[in-house]
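Novice: Structure in structure tokens, see below.
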Amino acid sequence: MCGIIGYVGTRDVVPVLIGGLKKLEYRGYDSAGIAVVNGNGVEVVRAEGKLSNLEAKLDDRKLHGSFGMGHTRWATHGKPNENNAHPHRDCTGQVVVIHNGIIENFLPLKQRLQKAGHEFKTETDTEVVAHLIEERIKGGTKFVDAVRQTLKELEGHFALVMIDGSEPGTIVAAKQGPPLVVGLGENENIIASDVAPLLAYTRNIIYLEDGEYAIADQQNVRVFDKNDNDVTRPPKKILWDAVMAEKEGYRHYMLKEIHEQPRAVRDTFNGRMFEESAQIYFNDLQLTADDWAKIKKVQVIACGTSWHAGLVGKFLLEDAARIPIEVDYGSEYRYRNPIIDGSTLVIGVTQSGETADTIAGMQEAKRQGAKLITICNVIGAAATRMSDGVIYTNAGPEIGVASTKAFTTQLTAFYLLSLYIRELRGEDVSVRKQGMHEMRMIPHRIEHILKHQEQHIERLAHKYANSTDFLFLGRGVHYPIALEGALKLKEISYIHAEGYPAGEMKHGPIALIDENLPVVAIATKTPVYDKVVSNLQEVKARDGKLIVICDEGDEEIAKLADDVIEIPHTIEPLQPILSVVPTQLLAYYIALRLGKDVDQPRNLAKSVTVE
Ligand code: F6R
Numbered sequence: 050m051c052g053i054i055g056y057v058g059t060r061d062v063v064p065v066l067i068g069g070l071k072k073l074e075y076r077g078y079d080s081a082g083i084a085v086v087n088g089n090g091v092e093v094v095r096a097e098g099k100l101s102n103l104e105a106k107l108d109d110r111k112l113h114g115s116f117g118m119g120h121t122r123w124a125t126h127g128k129p130n131e132n133n134a135h136p137h138r139d140c141t142g143q144v145v146v147i148h149n150g151i152i153e154n155f156l157p158l159k160q161r162l163q164k165a166g167h168e169f170k171t172e173t174d175t176e177v178v179a180h181l182i183e184e185r186i187k188g189g190t191k192f193v194d195a196v197r198q199t200l201k202e203l204e205g206h207f208a209l210v211m212i213d214g215s216e217p218g219t220i221v222a223a224k225q226g227p228p229l230v231v232g233l234g235e236n237e238n239i240i241a242s243d244v245a246p247l248l249a250y251t252r253n254i255i256y257l258e259d260g261e262y263a264i265a266d267q268q269n270v271r272v273f274d275k276n277d278n279d280v281t282r283p284p285k286k287i288l289w290d291a292v293m294a295e296k297e298g299y300r301h302y303m304l305k306e307i308h309e310q311p312r313a314v315r316d317t318f319n320g321r322m323f324e325e326s327a328q329i330y331f332n333d334l335q336l337t338a339d340d341w342a343k344i345k346k347v348q349v350i351a352c353g354t355s356w357h358a359g360l361v362g363k364f365l366l367e368d369a370a371r372i373p374i375e376v377d378y379g380s381e382y383r384y385r386n387p388i389i390d391g392s393t394l395v396i397g398v399t400q401s402g403e404t405a406d407t408i409a410g411m412q413e414a415k416r417q418g419a420k421l422i423t424i425c426n427v428i429g430a431a432a433t434r435m436s437d438g439v440i441y442t443n444a445g446p447e448i449g450v451a452s453t454k455a456f457t458t459q460l461t462a463f464y465l466l467s468l469y470i471r472e473l474r475g476e477d478v479s480v481r482k483q484g485m486h487e488m489r490m491i492p493h494r495i496e497h498i499l500k501h502q503e504q505h506i507e508r509l510a511h512k513y514a515n516s517t518d519f520l521f522l523g524r525g526v527h528y529p530i531a532l533e534g535a536l537k538l539k540e541i542s543y544i545h546a547e548g549y550p551a552g553e554m555k556h557g558p559i560a561l562i563d564e565n566l567p568v569v570a571i572a573t574k575t576p577v578y579d580k581v582v583s584n585l586q587e588v589k590a591r592d593g594k595l596i597v598i599c600d601e602g603d604e605e606i607a608k609l610a611d612d613v614i615e616i617p618h619t620i621e622p623l624q625p626i627l628s629v630v631p632t633q634l635l636a637y638y639i640a641l642r643l644g645k646d647v648d649q650p651r652n653l654a655k656s657v658t659v660e
């Protein structure tokens with residue numbers, strides 16, 4: 050996700066900004082830029098691609114100053130090119146803005162500003178902020194007050210840093226969602242997306258909370274809440290080293306990424322779901338009602354965790370589309386002589402967009418005339434370049450080898466696609482509105498699980514860590530989660546685990562059950578709940594150890610299970626996004642207990658680019 054840095058002080062600002070952006074590189078980006086304020090006013094330099102491209106441009110420009118901002122962009126609105134790279138300016142070029150996140154109401158704001166004569170130069174949502182501030186300054190308002198008023202107009206999740214070249218020396222930074230931290234130095238203050246770039250200058254850090262904004266100059270930082278009241282919060286002393294800082298204090302990237310899921314899921318639906326009109330908007334997917342009417346079947350191609358997302362996708366899309374949906378492993382698809390023609394829609398699901406098996410399958414489908422779309426987490430990756438349309442999952446870079454937030458955002462993308470298909474088919478608006486409402490609640494519900502169940506799951510991990518085998522059971526939408534839970538455990542703890550549809554257990558795996566076998570089952574309230582409970586009784590009758598992921602307050606399960614993990618209720622198609630979270634935590638804490646290398650498990654690579 051985008052990286053942000055702002056500096057005001059006495060040092061030469063360009064090396065501070067570039068050094069800071071280098072520390073933020075791990076977040077992933079496709080372009081970068083800086084703005085420096087000096088005797089020449091505001092000077093902006095931007096470049097597509099890696100920071101080295103920006104550095105090469107800066108070598109030619111010889112910029113100096115002691116006040117400015119820098120940004121690495123992970124594209125959401127508009128292509129990843131130099132023109133869309135941050136910082137963005139107003140019409141005068143004096144108000145400069147960098148931004149992480151999504152401004153959901155940018156479209157009506159942009160239309161209003163265009164009518165008032167503002168000229169927009171980029172495709173981004175960010176640019177509206179610069180023009181909104183400009184509009185107020187034109188009316189006689191001072192920069193800081195213009196920012197205050199502008200913030201009240203913005204909807205969505207964003208971290209913003211704003212400066213005005215005609216009032217040099219003051220930076221305003223606002224947080225509504227994505228992280229933003231302020232480092233308090235001696236005669237200098239520095240603002241960034243996380244603490245990694247600050248550690249070279251200070252260890253005194255203020256974490257901004259949602260709705261807050263900070264006004265910083267060389268000597269002071271003042272923090273305000275959303276009602277413009279002063280906030281007094283003593284800075285925290287950060288003792289992390291640089292590696293810990295990149296993990297934001299988490300012990301492993303995997304744990305950090307599990308905790309990022311509320312944000313990642315939110316960033317995947319934000320700006321795409323419009324409840325009032327019950328419409329879904331995908332800016333990189335041109336699939337009209339006419340296109341859809343020609344589609345007679347859908348084939349999903351993926352590998353590993355992404356394949357599990359595809360299996361959930363099958364449930365969601367089949368229900369929405371009422372046409373056959375097949376889900377294939379990339380490595381199987383092209384060797385089984387699949388039936389493909391112009392009425393086939395192929396969906397490649399790949400977080401990296403570079404998995405050789407998935408891409409080979411997609412190539413074969415394309416060769417035979419299928420329409421191709423990709424659900425992908427990396428802008429411009431190979432799979433996206435060959436596709437007719439893309440749904441990006443805005444998870445941000447995933448560094449832990451075992452996929453977590455990439456998976457839950459793939460499930461989010463499938464759910465949005467199912468709503469979109471319902472829209473194309475002219476289905477009832479009220480069902481779509483209800484679905485959108487439930488989707489919006491999912492980040493809060495994931496937070497609830499993390500807050501109330503993590504310690505309990507850690508204790509369960511200690512209790513069961515010495516088991517040699519695990520069985521994971523689920524039915525319907527939770528069957529793929531049983532597979533995913535088993536895969537996560539295998540990958541990082543090296544314990545043998547199998548995922549099975551609960552109803553199939555009696556056809557074989559039931560022979561494995563004895564008092565030494567932990568069985569992790571998902572039994573939330575779905576239409577097959579009673580059937581799952583019967584399956585669990587079969588486990589209990591054979592002395593299996595039952596760990597059940599169930600709805601909060603389910604007394605029937607509490608009586609039956611050895612251990613329960615409670616999750617909040619939601620509608621059935623969204624339940625997998627919640628039920629997978631305890632399985633991720635269980636795998637993580639078991640692997641940790643066993644002393645395994647959680648982020649770099651043996652024999653595994655993050656992106657498998659060979660067949
Ligand atoms: C498991 C995992 C892998 C990937 C698989 C496909 O935690 O991450 O199973 O899901 O290698 O990768 P992508 O999604 O990049 O195509």
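Read in order, the letters of the sequence shown are residues 50 to 660 in the numbering used here. The C-beta atom is built at its ideal place from N, Cα and C for all residues, glycine as well.
Return helix, strand or coil for PRO157, following the three-state DSSP convention.
Specialist: Here residue 157 refers to the residue found at position 108 of the sequence shown. Here PRO157 sits in helix by DSSP.
Novice: Starting from ILE620, follow its DSSP beta bridges and name the residues at the other end.
Specialist: As a position in the sequence shown, residue 620 is number 571, starting the count at 1. Beta-bridge pairing links ILE620 to no other residue.
Novice: Would you call the segment 474–487 in contact with the segment 501–521, where contact means no fewer than 3 C-beta pairs closer than 8 Å?
Specialist: No, they do not touch.
Novice: What residues in its chain sit with their C-beta under 7 Å from that of GLY9, if we drop five residues either side in the sequence?
Specialist: Here the chain covers residues 50 to 660 and nothing more, so residue 9 does not appear.
Novice: Does DSSP put ARG271 in a helix, in a strand, or in coil?
Specialist: Looking up residue 271 in the sequence shown gives position 222. Strand, per DSSP.
Novice: Can you pull the DSSP bridge partners for ASP518?
Specialist: Mapped onto the sequence shown, residue 518 falls at position 469. DSSP, once it has assigned bridges, lists HIS545 as partnering ASP518.
Novice: Find the nearest neighbour of ASP648 within the set VAL588, ASN236, ARG300 and HIS137, judged by alpha-carbon distance.
Specialist: On the sequence shown, residue 648 is found 599 positions in, with the first residue counted as 1. Checked all of VAL588, ASN236, ARG300 and HIS137; the closest Cα to ASP648 is ARG300.
Novice: Would you give the residue range spanned by the alpha helix (DSSP H) that ASN584 belongs to?
Specialist: Position 535 of the sequence shown, counting from 1, holds the residue named residue 584. It spans 578–590 - the alpha helix (DSSP H) in which ASN584 sits, taken as one unbroken run.
Novice: Can you tell which of TYR75, GLU324 and GLY98 has its C-alpha closest to the C-alpha of VAL244?
Specialist: Taking the sequence shown and counting its residues from 1, the one referred to as residue 244 is at position 195. It is TYR75.
Novice: For SER380, verify whether its CB is less than 7 Å away from any heavy atom of the ligand F6R.
Specialist: The residue labelled residue 380 in the question sits at position 331 within the sequence shown. Incorrect: SER380 has no Cβ contact closer than 7 Å to the ligand F6R.
Novice: Do you know how far the Cα of ASP612 is from the Cα of GLN335?
Specialist: Taking the sequence shown and counting its residues from 1, the one referred to as residue 335 is at position 286. Taking the sequence shown and counting its residues from 1, the one referred to as residue 612 is at position 563. Rounded to whole angstroms, GLN335 to ASP612 spans 47 Å at the Cα level.
Novice: In whole angstroms, what is the alpha-carbon distance linking ASN238 and GLN198?
Specialist: By 1-based counting over the sequence shown, the position of residue 238 is 189. By 1-based counting over the sequence shown, the position of residue 198 is 149. Distance between the alpha carbons of ASN238 and GLN198: 24 Å.
Novice: With a threshold of 8 Å on Cβ separation, who are the neighbours of GLU413 within its own chain once the five nearest residues in sequence on each side are excluded?
Specialist: Stepping through the sequence shown from its first residue, residue 413 is reached at position 364. Correct list, in chain order: TYR382, ARG383, PRO387 and ILE389.
Novice: State yes or no: is the C-beta of GLN400 nearer than 7 Å to some heavy atom of the ligand F6R?
Specialist: Position 351 of the sequence shown, counted from the first residue, corresponds to residue 400. Yes, since a heavy atom of the ligand F6R falls inside the 7 Å radius drawn around the Cβ of GLN400.
Novice: Leaving out five residues on either side along the sequence, give the residues of the same chain with a beta carbon under 7 Å from the beta carbon of VAL577.
Specialist: Within the sequence shown, numbered from 1, the residue matching residue 577 stands at position 528. The residues are ARG524 and GLY525.
Novice: Measuring only the C-alpha atoms, how far is HIS126 from LEU247?
Specialist: Mapped onto the sequence shown, residue 126 falls at position 77. Mapped onto the sequence shown, residue 247 falls at position 198. Cα-Cα distance, rounded: 28 Å.
Novice: Please confirm whether ILE470 and VAL630 have their CB atoms less than 8 Å apart.
Specialist: Counting from 1 along the sequence shown, the entry for residue 470 is found at position 421. Counting from 1 along the sequence shown, the entry for residue 630 is found at position 581. No. Outside cutoff.
Novice: Using the beta-carbon count (16 or more within 10 Å), is TYR549 buried or exposed?
Specialist: Counted from its first residue, the sequence shown places residue 549 at position 500. By the 10 Å Cβ count, TYR549 comes out buried.
Novice: Taking the alpha carbon of HIS511 as the reference point, which residue from ALA640, LEU585, HIS493 and ASP277 has its own alpha carbon closest?
Specialist: Along the sequence shown, one-based indexing puts residue 511 at 462. Residue ALA640 is the option with its Cα nearest to HIS511.
Novice: Given that a residue counts as buried once 16 or more other Cβ atoms are within 10 Å of its Cβ, and exposed if not, what is ASP139?
Specialist: For the purposes of this step, residue 139 is taken as residue 90 along the sequence shown, with counting starting at 1. Answer is buried; the Cβ neighbour count reaches 16.
Novice: Going by C-alpha to C-alpha distance, which of GLU183, LEU595 and THR393 sits closest to GLU564?
Specialist: As a working note, residue 564 is residue 515 in the sequence shown. Out of GLU183, LEU595 and THR393, LEU595 has the C-alpha closest to the C-alpha of GLU564.
Novice: How about the segment 119–136 and the segment 82–97: do they share at least three Cβ pairs that are nearer than 8 Å?
Specialist: Yes: the two stretches touch, three or more of their Cβ pairs being nearer than 8 Å.
Novice: Does the ligand F6R have a heavy atom nearer than 7 Å to the CB of ALA313?
Specialist: Translated into positions along the sequence shown, residue 313 becomes position 264. Because no heavy atom of the ligand F6R lies under 7 Å away, the Cβ of ALA313 does not count as near it: no.
Novice: Mind listing, in chain order, the continuous alpha helix (DSSP H) runs of no fewer than 4 residues lying wholly within the segment 80–158?
Specialist: Complete alpha helix (DSSP H) runs here, min 4: 100–110.
Novice: PRO625 to GLN633, Cα distance in whole Å?
Specialist: The residue labelled residue 625 in the question sits at position 576 within the sequence shown. The residue labelled residue 633 in the question sits at position 584 within the sequence shown. Distance between the alpha carbons of PRO625 and GLN633: 12 Å.
Novice: Would you call the segment 272–281 and the segment 95–107 in contact, with 3 or more CB pairs under 8 Å?
Specialist: No: the two stretches stay apart, fewer than three of their Cβ pairs being nearer than 8 Å.
Novice: Among the candidates VAL210, GLY391, ALA105 and VAL347, whose CA atom is the shortest distance from the CA of ILE374?
Specialist: What you label residue 374 is simply residue 325 of the sequence shown in a count that begins at 1. Nearest C-alpha to ILE374: VAL347.
Novice: Hey, quick one: how far does the beta strand (DSSP E) through MET411 stretch, first residue to last?
Specialist: Locating residue 411 in the sequence shown gives position 362, counting from the first residue. Careful: MET411 lies outside any beta strand (DSSP E), inside the alpha helix (DSSP H) at 405–416.
Novice: Under 8 Å between the Cβ atoms of ALA265 and ILE240?
Specialist: As a first step, residue 265 must be located in the sequence shown, where it is residue number 216. As a first step, residue 240 must be located in the sequence shown, where it is residue number 191. Contact flag set, yes.
Novice: Consider the C-beta atom of GLU540 and the heavy atoms of the ligand F6R; say whether any pair is separated by less than 7 Å.
Specialist: Looking up residue 540 in the sequence shown gives position 491. Yes, the beta carbon of GLU540 sits closer than 7 Å to at least one heavy atom of the ligand F6R.
Novice: From which residue to which residue does the alpha helix (DSSP H) around ALA432 run?
Specialist: Mapped onto the sequence shown, residue 432 falls at position 383. It spans 431–434 - the alpha helix (DSSP H) in which ALA432 sits, taken as one unbroken run.
Novice: Does the beta carbon of ALA451 fall short of 7 Å from some heavy atom of the ligand GTP?
Specialist: Here the bound small molecules are the ligand F6R; the ligand GTP is not part of this structure.
Novice: Considering only their Cβ atoms, is the gap separating GLU604 from PRO617 smaller than 8 Å?
Specialist: As a first step, residue 617 must be located in the sequence shown, where it is residue number 568. As a first step, residue 604 must be located in the sequence shown, where it is residue number 555. No, Cβ-Cβ distance for PRO617 and GLU604 is not below 8 Å.
Novice: Which two residues bound the contiguous beta strand (DSSP E) that contains GLU375?
Specialist: Reading the sequence shown from its first residue, position 326 is the one you call residue 375. Where GLU375 is concerned, the enclosing beta strand (DSSP E) stretches over 374–378.
Novice: Opposite TYR262 in the DSSP bridges: which residues?
Specialist: Within the sequence shown, residue 262 is the residue found at index 213, counting from 1. In the DSSP output, where bridge partners are listed per residue, TYR262 has ALA223 and PHE273.
Novice: What does DSSP give as the partner residue(s) for PHE192 in the beta ladder?
Specialist: Position 143 of the sequence shown holds residue 192. Answer is none; PHE192 lacks a bridge partner.
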